[in-house]
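**Q** Structure provided below as structure tokens; questions to follow.
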Amino acid sequence: MKLSQKISINLLVIIVSIFITLTGNFKFFTEVIGVYPIDDNFAFVISLVIWLFSFLSVLLLLAAYRYSVKPILIFLLLTSSIVGYFTNTYGTIFDDNMIANSLETNLSESLDLLSFKLIIYLVVLGILPSIWVYKLQLKQSTMPSMLWNKFKVILVLTIVFILIMLSFSKSYTSFARENKQLRLYINPTYFLYAIGKHVNNQFESINVPFVVIGQDAVIQRNDKAKKLVIVVAGETARADRFSLNGYERDTNPLLSQLNVISFEKMRSCGTDTAMSLPCMFSSLTKDSYSHKQGKNMSNSLDILSTAGVKVLWRDNNSSSKSVADRVTYQDYKSPNVNTICDVECRDEGMLVGLQAYVDEHKNQDMMIVLHMMGSHGPAYYKRYTKDFEKFKPICATNQLNECTDKQINNAYDNTILYTDYFLSKVVELLKANQKTHKTALLYMSDHGESLGENGLYLHGMSYFIAPKEQTHVASIMWFDDQFSQEINQQELQKTLKSPMSHDGMFHALLGLMNVNSSVYDKNKDYLSYE
Numbered sequence: 203m204k205l206s207q208k209i210s211i212n213l214l215v216i217i218v219s220i221f222i223t224l225t226g227n228f229k230f231f232t233e234v235i236g237v238y239p240i241d242d243n244f245a246f247v248i249s250l251v252i253w254l255f256s257f258l259s260v261l262l263l264l265a266a267y268r269y270s271v272k273p274i275l276i277f278l279l280l281t282s283s284i285v286g287y288f289t290n291t292y293g294t295i296f297d298d299n300m301i302a303n304s305l306e307t308n309l310s311e312s313l314d315l316l317s318f319k320l321i322i323y324l325v326v327l328g329i330l331p332s333i334w335v336y337k338l339q340l341k342q343s344t345m346p347s348m349l350w351n352k353f354k355v356i357l358v359l360t361i362v363f364i365l366i367m368l369s370f371s372k373s374y375t376s377f378a379r380e381n382k383q384l385r386l387y388i389n390p391t392y393f394l395y396a397i398g399k400h401v402n403n404q405f406e407s408i409n410v411p412f413v414v415i416g417q418d419a420v421i422q423r424n425d426k427a428k429k430l431v432i433v434v435a436g437e438t439a440r441a442d443r444f445s446l447n448g449y450e451r452d453t454n455p456l457l458s459q460l461n462v463i464s465f466e467k468m469r470s471c472g473t474d475t476a477m478s479l480p481c482m483f484s485s486l487t488k489d490s491y492s493h494k495q496g497k498n499m500s501n502s503l504d505i506l507s508t509a510g511v512k513v514l515w516r517d518n519n520s521s522s523k524s525v526a527d528r529v530t531y532q533d534y535k536s537p538n539v540n541t542i543c544d545v546e547c548r549d550e551g552m553l554v555g556l557q558a559y560v561d562e563h564k565n566q567d568m569m570i571v572l573h574m575m576g577s578h579g580p581a582y583y584k585r586y587t588k589d590f591e592k593f594k595p596i597c598a599t600n601q602l603n604e605c606t607d608k609q610i611n612n613a614y615d616n617t618i619l620y621t622d623y624f625l626s627k628v629v630e631l632l633k634a635n636q637k638t639h640k641t642a643l644l645y646m647s648d649h650g651e652s653l654g655e656n657g658l659y660l661h662g663m664s665y666f667i668a669p670k671e672q673t674h675v676a677s678i679m680w681f682d683d684q685f686s687q688e689i690n691q692q693e694l695q696k697t698l699k700s701p702m703s704h705d706g707m708f709h710a711l712l713g714l715m716n717v718n719s720s721v722y723d724k725n726k727d728y729l730s731y732e
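In this note's numbering, the protein residues as written are 203 to 732.
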């Protein structure tokens, strides 16, 4: 079609709808064919194409008018191309949690996701069609005429939509009831719904008053000894990649010598940092947690601070996701603060100067949270120094599609090896302070990671369909001799093999510091005390 030739708004919408339906839904139709084999369901699969096209066209026709049509279509073309890339390449689902996670990702993490293939998707499926849309001349018509023509097209498309569903009613009933997970891959309607849901949640959160809980919190213990507990918030560490949990590779050579305990069956609250991190520190459970409620309520760190514990958060990740908003927060992502940086600032840098902080507050109970960069993908090769490149060959790029599964797994396992080293250094620091404090370490990963299992990569799947690789997380604890005497070791051994979840972390943190409060539930604590 020549650019000088004028085109109606209705026709432009239909052309773009066809283009996005056919080019942006490869993963969706792949998943559909996996459930409905094409040999037996060819007509149904074809009907789905028409069904998606009709539905998208009606939505766009309702929103697109003379001055809004081009901005809307260009936005959809650009965003659909990006969504298509991540869905096709990594199996990513863009629900409201993923939207929140994407918006809270910092620049360095975003650059890790940049690849040549992504640029190709963006240019071919996004930028070039957008230029075409931008340069087109639209036919002018009166408002009554435009509305009447739009009504006729919408009516025809709606009839087609209804006839398709009636013609394949059994298949569409099965699609809606038994295979609801398939809708998560529909591009662009599902991510548009997710954006709307996220925006709505943000507006709702603004209007929710902050709820203060745990005001009755006090430290109650039999002796006067102070405590120093370091909580390490891990990133993207799978439980099954810790040799402490039986993994065949020795990924924990240092921790295995330190008498640590490992919770082998720990489940996460979410599949991404934006959800899991605040949920971990909240009194709410996975089933009851929402940002609207959770971020507008005192968390475990707030309550510890109320009880008199000195709380410090050091961050080498994207942020605390609001967890540390009311306690001392230090950003270690910058080389201006973190003294151990090369291609990126290292988790180990969070330990520099920490002894001086401990000395400054030696007469107080302290809880220090270290938020790791850990094993964040897809650029696993950046997450450790060359000294920890034990497993080879590695995937030395963020474009996982260019690597074999063996290379990806090798690079990931090297990140776990570096985590092992970092945690051993934390234990060293704790041991150095045993004369003045009872010391303990709690390490908890926020979520896991898919490394190619069933064609999935990275994390962020909707929880109800997320594979265990994204929800089964690494978690360990270490105690010095004095601290160990407080813990019922017999009950602990029973607990280690039992299913556990992030739901208990709130209570475990209060329990570690002997904080008594009406919000503390000893039955949900990971530990039992003598």
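Beta carbons: idealized from backbone N, C-alpha and C, even for Gly.
1) With the cut-off set at 8 Å, would you say Thr391 and Leu305 are in Cβ contact?
2) Run through DSSP, which three-state label would Met679 get?
3) Assign Ile364 to one of two classes, buried (16 or more other C-beta atoms within 10 Å of its C-beta) or exposed (fewer than that).
4) How many angstroms separate the CA atom of Lys640 from the CA atom of Gly496?
5) If you follow the alpha helix (DSSP H) that Gly398 is part of, which residue opens it and which one closes it?
6) Can you say whether Asn409 is buried or exposed, counting buried as having 16 or more other CB atoms within 10 angstroms of its CB?
7) Buried or exposed: Ala266, going by 16 or more other Cβ atoms within 10 Å of its Cβ?
8) By DSSP, does Arg548 sit in helix, in strand, or in coil?
9) When you compare the CB positions of Val717 and Ala419, do they come within less than 8 Å of one another, or not?
10) Would Ile211 and Arg268 be called neighbours here (beta carbons separated by less than 8 Å)?
11) When the Cα atoms are used, what is the spatial distance from Asp615 to His674?
12) Under 8 Å, do Ser332 and Ile284 count as touching if we go by C-beta distance?
13) Shortest alpha-carbon distance to Leu214 belongs to which of Val401, Ile274, Leu694?
14) May I ask which residues mark the beginning and end of the alpha helix (DSSP H) holding Leu632?
15) Cα separation between Asp723 and His709?
16) Please determine, among Tyr491, Phe685, Ser686, the residue with the shortest C-alpha to C-alpha distance to Asp705.
17) Rank Ile366, Arg385, Leu394, Phe444 by C-alpha distance to the C-alpha of Leu262 and give the top, closest one.
18) Return helix, strand or coil for Thr294, following the three-state DSSP convention.
19) Quick check on the DSSP output: the alpha helix (DSSP H) that includes Ile216 runs from which residue to which?
20) Sorted by chain position, which residues of the same chain lie with C-beta nearer than 6 Å to Glu466's C-beta, five sequence neighbours on each side aside?
21) Once DSSP output is grouped into helix, strand and coil, what is the label at Cys597?
22) Does the Cβ-Cβ distance between Glu651 and Ser520 come in under 8 Å?
23) Look at the Cβ atom of Leu327, then the Cβ atom of Thr473, and state whether they are nearer than 8 Å.
24) Do Glu437 and Gly576 come within 8 Å of each other at the CB atom, strictly closer than that value?
25) If we count the other Cβ atoms within 10 Å of its Cβ and call it buried at 16 or more, is Arg816 buried or exposed?
26) Grab me the residues of Thr307's own chain with a C-beta within less than 8 Å of its C-beta, minus the 5 sequence neighbours each way, in chain order.
27) Could you have a look at Gly448 and say whether DSSP puts it in helix, strand or coil?
28) Let me check understanding here. Comparing Cα to Cα, which of Leu254, Tyr728, Val721 lies closest to Ser700?
29) Going by C-alpha to C-alpha distance, which of Lys208, Phe288, Leu340 sits closest to Ser270?
30) Determine the direct distance from the alpha carbon of Phe444 to that of Phe230, and round the result to whole angstroms.
31) Could you spell out where the beta strand (DSSP E) holding Tyr645 opens and where it closes?
32) Inspect the beta-carbon positions of Thr617 and Tyr586 and report whether they are closer than 8 Å.
33) Leaving aside the five residues before and after Met367 along the sequence, list all residues of the same chain whose C-beta is less than 8 Å from its C-beta, in chain order.
34) With a 10 Å radius around its C-beta and 16 neighbouring C-beta atoms as the bar for buried, classify Tyr292 as buried or exposed.
35) Which partner residues of His573 appear in the DSSP bridge assignment?
36) Just grab the DSSP bridge partners of Gln532 for me.
**A** The structure says:
1) no
2) strand
3) exposed
4) 31 Å
5) 391-408
6) exposed
7) buried
8) coil
9) yes
10) yes
11) 16 Å
12) no
13) Ile274
14) 607-633
15) 6 Å
16) Tyr491
17) Leu394
18) coil
19) 211-225
20) Asn447
21) coil
22) no
23) no
24) yes
25) Shown here, the chain extends from 203 to 732; a query on residue 816 therefore has no answer.
26) Ser520
27) coil
28) Tyr728
29) Leu340
30) 34 Å
31) 639-647
32) yes
33) Trp253, Tyr374
34) buried
35) Ala435, Asp517
36) Arg516
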